[in-house]
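Trainee:
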């Protein structure tokens, strides 16, 4: 089969010809339909993060946002022909309590692989294998968009952590503020706008009109906030302070900015991973006081687990297909890999398609 | 009756003679036994924080850590002779949902008074009145230490918020790290050491031996960490990283330091309120990454509510009296007010006693 592999020396991304994997006992064989590309994939391809090859290999098959069809259930609980999307993490030690509990998203660094990211081959290949416990059903009507389940699941985990944290009292949030209008930010905004949790949504960017991200924000019903015109510090004065902030850019100062943008009792979650050290002059007196006096919370969120994937798949089934479609700005075959990994202001979600019928 | 009042012009603390309050319908009259003094009281006395006088008054009766005995239940559900401790906050608007829910600790700034701190007379007087919903029973055996319920309730709220937040997964914390060896820090350490939540406790200070705070830390079973020898950044290397940090100093950089001291999935709560702006050069890249990659949480915690007072009163009944006694370094009458408010390395908890029999 063909697969997209990162060779860390270089680094170089190449289409390789490799053996179609054969499922072990307890694993199914999945025929890949499509794989989404996100910011992490581009950073992996550039050698900035991740990219650790599996032991004994000289390359890593990349891709972690995938949708596929069960080609061979191989005696598992799955059904041939079922549409599925795979989770990302796998345990180093199958017996660890995080593996047994299905909470690998909370496992400490070093105790897991991330398929397509580090230590274990990913999904940008014609076929992959997986245990059924790491697969989630995708409704057939959304087979062409199933790669959105993984990024949406990050927001679902953030909401899970946020609402669980605030269940210690009668929290009544009204507004959600997404930092960043990249593909995760826009997907999150669409999920938050169509969900029941918040009455109003905002999305932070730094683009001039006309711009397709601003159009998307306004089409789904959100309010665009231009960070060049309204600083995060001024946001609470210009608009209302936000009950919930979902940070997607990884811009290092945003963890602090997010606290300032919050209303009393608000929660900010950060998901992006900055590129490295980055020092800023921070008024820690103000940060500390605001956290305390207004009972604010700042949560780091990484990865997600099965219930978050399931919630994401459920949302995918409900959201109008047109919303999902307007986020996909390019579907490429393996012959278009370079374009697929290129990024521009016009790029929202690029997808590598393995099945011309569905895509 | 006699009371201790702050006159903001000055500012000056004076013993005044004032009318004994008479309870309105639905209120009880409480005879004060003793009132603890904490760092906030000293800052109020110095005119640094709070101190807003009730409307129409020229002074504020201070004191918010009190224990008293019901002198006149006045037809309420209370019993004459019952030992009680009062909550701090009262609503500006009785009908607000935070008041109705008993969650004034989560009410936004400006919607509540704090008795003895801002806008409403406190408890450092021979008598005070209160509605029973703002009073919590103290076991008679602990009448002499009932003023510890309020500060302990802050830790109980922190634990409530922390364990609620982490109930989103199977969290198994082992170690707790208290920042600060002032009276709240030591009280918190004693509570954490005698509680079931954590197997190991640490307490951060900057004192040389021999020192009574270090003695206290070691007597209750904690490990003293000298911040001059082990920076918070090095703490995780020297000891194990902490699953829970309880910050009590209000040192502005500690909100950031606390995140670095945490183990994966750990929670830090900050309670202290810094004196104002204080800028530091912060590696936001590292802060942001650590939050995300290790699923860490930073929570601001202010004030507390009735269930937290009840949990604190329950702990007070269980902890050996000797532990509480060794925290009280001075009991003063109104003639010793100046000494009571003085602070020194030998001062742990100073108390103004109104009842010579109990105290």
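Chains as they are written, first to last, in our numbering: chain B, 124 to 482; chain Y, 124 to 482. Where a beta carbon is used, it is the ideal one built from N, C-alpha and C, also for glycine.
Is the beta carbon of residue 192 of chain Y sitting closer than 8 Å to the one on residue 153 of chain Y?
Mentor: Yes, they are a contact pair.
Trainee: Within 10 angstroms of the Cβ of residue 226 of chain Y, are there 16 or more other Cβ atoms? Answer buried if so, exposed if not.
Mentor: Label assigned to residue 226 of chain Y: buried.
Trainee: If residue 259 of chain B and residue 429 of chain B are in contact, beta carbons under 8 Å, what's the gap, nearest whole angstrom?
Mentor: Between residue 429 of chain B and residue 259 of chain B the Cβ distance is about 6 Å, and since that is below 8 Å, they are a contact.
Trainee: With the cut-off set at 8 Å, would you say residue 299 of chain Y and residue 358 of chain Y are in Cβ contact?
Mentor: In this structure, residue 358 of chain Y does not lie closer than 8 Å to residue 299 of chain Y by Cβ.
Trainee: By DSSP, does residue 65 of chain Y sit in helix, in strand, or in coil?
Mentor: The requested residue 65 of chain Y is not part of the displayed model; chain Y covers only 124 to 482.
Trainee: Taking the C-alpha atoms as reference points, what is the distance between residue 469 of chain B and residue 305 of chain B?
Mentor: So the alpha carbons of these two residues sit roughly 10 Å apart.
Trainee: Taking residue 232 of chain B as the query, report the chain Y residues whose CB atoms sit under 9 Å from its CB, ordered along the chain.
Mentor: Under the 9 Å cutoff, chain Y gives 387, 416, 417.
Trainee: Within the 8 Å Cβ cut-off, does residue 355 of chain B reach chain Y?
Mentor: Taking Cβ atoms only, chain Y never reaches closer than 8 Å to residue 355 of chain B, which makes this a no.
Trainee: Find out if the Cβ-Cβ distance for the pair residue 327 of chain Y, residue 348 of chain Y is shorter than 8 Å.
Mentor: Yes, these two residues count as a Cβ contact at 8 Å.
Trainee: Using 8 Å as the threshold, is the stretch 241–257 of chain Y in touch with the stretch 390–403 of chain Y, meaning 3 or more CB pairs across them?
Mentor: The stretch 241–257 of chain Y, when compared against the stretch 390–403 of chain Y, does not touch it at the 8 Å Cβ threshold.
Trainee: Could you spell out where the alpha helix (DSSP H) holding residue 163 of chain Y opens and where it closes?
Mentor: Run containing residue 163 of chain Y: 162–168, per the alpha helix (DSSP H) assignment.
Trainee: Going along chain B, which residues have a C-beta under 7 Å from residue 375 of chain Y?
Mentor: Within chain B, the residues near residue 375 of chain Y are 407, 408, 411.
Trainee: In the DSSP output, which residue or residues are listed as bridge partners for residue 241 of chain Y?
Mentor: Per DSSP, Y:237.
Trainee: Let me check understanding here. Comparing Cα to Cα, which of B:308, B:310, B:297, B:331 lies closest to residue 319 of chain B?
Mentor: The shortest Cα separation from residue 319 of chain B among B:308, B:310, B:297, B:331 belongs to B:297.
Trainee: Going residue by residue through the stretch 335–423 of chain B, where are the continuous alpha helix (DSSP H) segments of at least 4 residues, counting only ones entirely within it?
Mentor: Runs of the alpha helix (DSSP H) inside the stretch 335–423 of chain B: 335–343, 355–361, 377–384, 407–416.
Trainee: From this set, B:367, B:303, B:272, B:206, which residue's C-alpha is nearest residue 281 of chain B's C-alpha?
Mentor: Residue B:367 is the option with its Cα nearest to residue 281 of chain B.
Trainee: On a CA-only basis, which of B:147, B:275, B:379, B:169 is nearest residue 466 of chain B? Give me that one, please.
Mentor: Of the candidates B:147, B:275, B:379, B:169, the one whose C-alpha sits nearest the C-alpha of residue 466 of chain B is B:169.
Trainee: Counting contacts by CB-CB distance shorter than 8 Å, is residue 422 of chain B in contact with chain A?
Mentor: No chain A appears in this structure, whose protein chains are B and Y.
Trainee: Report back the beta-carbon spacing between residue 190 of chain B and residue 269 of chain B to the nearest angstrom; my notes put them in contact at under 8 Å.
Mentor: Rounded, the Cβ-Cβ distance is 3 Å, consistent with contact.
Trainee: Is the beta carbon of residue 440 of chain Y closer than 8 Å to that of residue 262 of chain Y?
Mentor: Yes; because the gap between Cβ atoms is below 8 Å, this pair is in contact.
Trainee: Looking only at its chain, what residues have a beta carbon closer than 7 Å to the beta carbon of residue 197 of chain Y, apart from the 5 residues adjacent to it on each side?
Mentor: Once the five neighbours on either side are set aside, the close Cβ partners of residue 197 of chain Y are 146, 150, 151, 152.
Trainee: Among the residues of its own chain, which have a CB less than 7 Å from the CB of residue 265 of chain Y, if the five just before and after it don't count?
Mentor: Taken in chain order, the residues that qualify are 439, 440.
Trainee: Could you tell me whether any Cβ in chain B is nearer than 8 Å to the Cβ of residue 293 of chain Y?
Mentor: Cβ-Cβ to chain B under 8 Å: yes for residue 293 of chain Y.
Trainee: How many Å lie between residue 388 of chain Y and residue 314 of chain B at the Cα?
Mentor: One C-alpha to the other measures close to 26 Å.
Trainee: Is there a Cβ from chain Y that is less than 8 Å from the Cβ of residue 243 of chain B?
Mentor: No, its Cβ sits nowhere closer than 8 Å to a Cβ of chain Y.
Trainee: Can you grab the Cα-Cα spacing for the pair residue 360 of chain Y / residue 278 of chain Y, in whole Å?
Mentor: Distance between the alpha carbons of residue 360 of chain Y and residue 278 of chain Y is about 26 Å.
Trainee: Do you know offhand how far residue 481 of chain B's Cα is from residue 457 of chain B's?
Mentor: With a pLDDT of only 48 at residue 481 of chain B, under the threshold of 50, the placement of this residue in the model should not be trusted; the figure read from the coordinates follows. One C-alpha to the other measures close to 16 Å.
Trainee: Distance cutoff 8 Å, beta carbons only. Does residue 468 of chain B sit that close to anything in chain Y?
Mentor: Answer no: the Cβ-Cβ gap between residue 468 of chain B and chain Y never drops below 8 Å.
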